[in-house]
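Enquirer: In this note's numbering, the protein residues as written are 1 to 119.
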Amino acid sequence: MNVTFDPDKISSEQILDIFFTLHDPTQLNRQGADVGDQYRSAMFYSSESQKQVFTDAVERAKEIWGSNIVTEVTPLAENFEAEDYHQDYFEKNPNQGYCLAVVAPKVSKVRAKFTSLLR
Numbered sequence: 001m002n003v004t005f006d007p008d009k010i011s012s013e014q015i016l017d018i019f020f021t022l023h024d025p026t027q028l029n030r031q032g033a034d035v036g037d038q039y040r041s042a043m044f045y046s047s048e049s050q051k052q053v054f055t056d057a058v059e060r061a062k063e064i065w066g067s068n069i070v071t072e073v074t075p076l077a078e079n080f081e082a083e084d085y086h087q088d089y090f091e092k093n094p095n096q097g098y099c100l101a102v103v104a105p106k107v108s109k110v111r112a113k114f115t116s117l118l119r
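#1: Which residue marks the beginning of the alpha helix (DSSP H) containing residue 4, and which one marks its end?
#2: Identify every run of the beta strand (DSSP E) within the stretch 18-95, keeping only runs that are complete inside it and at least 3 residues long; order them along the chain.
#3: Could you work out which residue in 105, 17 and 116 is closest to residue 63 when comparing CA atoms only?
#4: Output yes or no for whether 8 Å exceeds the beta carbon distance between residue 70 and residue 45.
#5: For the stretch 24-40 against the stretch 5-15, are there 3 or more C-beta pairs whose distance is under 8 Å?
#6: Counting along the chain, where does the alpha helix (DSSP H) carrying residue 110 start and finish?
#7: Measure the C-alpha to C-alpha separation of residue 35 and residue 23 and round it to an integer number of angstroms.
#8: Beta-carbon separation of residue 117 and residue 111 under 8 Å?
#9: Using a Cβ-Cβ cutoff of less than 7 Å, which residues in the same chain neighbour residue 29 once the five nearest sequence positions on both sides are dropped?
#10: Could you round the C-beta distance between residue 21 and residue 65 to whole angstroms and report it? I think they count as a contact, below 8 Å.
#11: Please name the residue in 55, 113, 108 and 101 whose C-alpha comes closest to that of residue 33.
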């Protein structure tokens, strides 16, 4: 996933804190019932300054999750855009089973915990 944002409205640090709130960064190659390396916790950087921001975020996350964080901080090699049917999937398919069971609770959590950052 590529995240585009306006740094005058939200910082990269805030986005990364949300990232670490919405998933379990201590699970290796899985998130809940979804298993495989495609479900790993990872951040892909494109510059040394971005790498440092990501590394700092991992350190902040350790204050919440402990030292067992398995999130990878890795150089970005290639970035492929998802197929059209995956673009805005939750918005287009809010009643789909996975969206109801997995995505909707995460969206609710963001809305509850990060209200001040939402427009």
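All C-beta atoms, glycine included, are put in the ideal place defined by N, C-alpha and C.
Expert: The short version:
#1: Here residue 4 belongs to no alpha helix (DSSP H), and DSSP marks it neither H nor E.
#2: Here the runs fully enclosed are 42-45 and 72-75.
#3: For the residues 105, 17 and 116, the minimum Cα distance to residue 63 belongs to 17.
#4: No, the Cβ-Cβ distance between residue 70 and residue 45 is not below 8 Å.
#5: Cβ pair count under 8 Å is below three, so no.
#6: Counting along the chain, residue 110 sits inside the alpha helix (DSSP H) bounded by residues 104-113.
#7: Across the structure, residue 35 and residue 23 are spaced so that their CA atoms are roughly 14 Å apart.
#8: It is not a contact, given that the beta carbons lie outside the stated cut-off.
#9: Excluding residues within five positions, the ones whose Cβ falls inside 7 Å are 35, 36, 37, 39 and 40.
#10: Cβ atoms of residue 21 and residue 65 stay farther apart than 8 Å, at about 10 Å.
#11: Checking every option, the nearest Cα to that of residue 33 belongs to 101.
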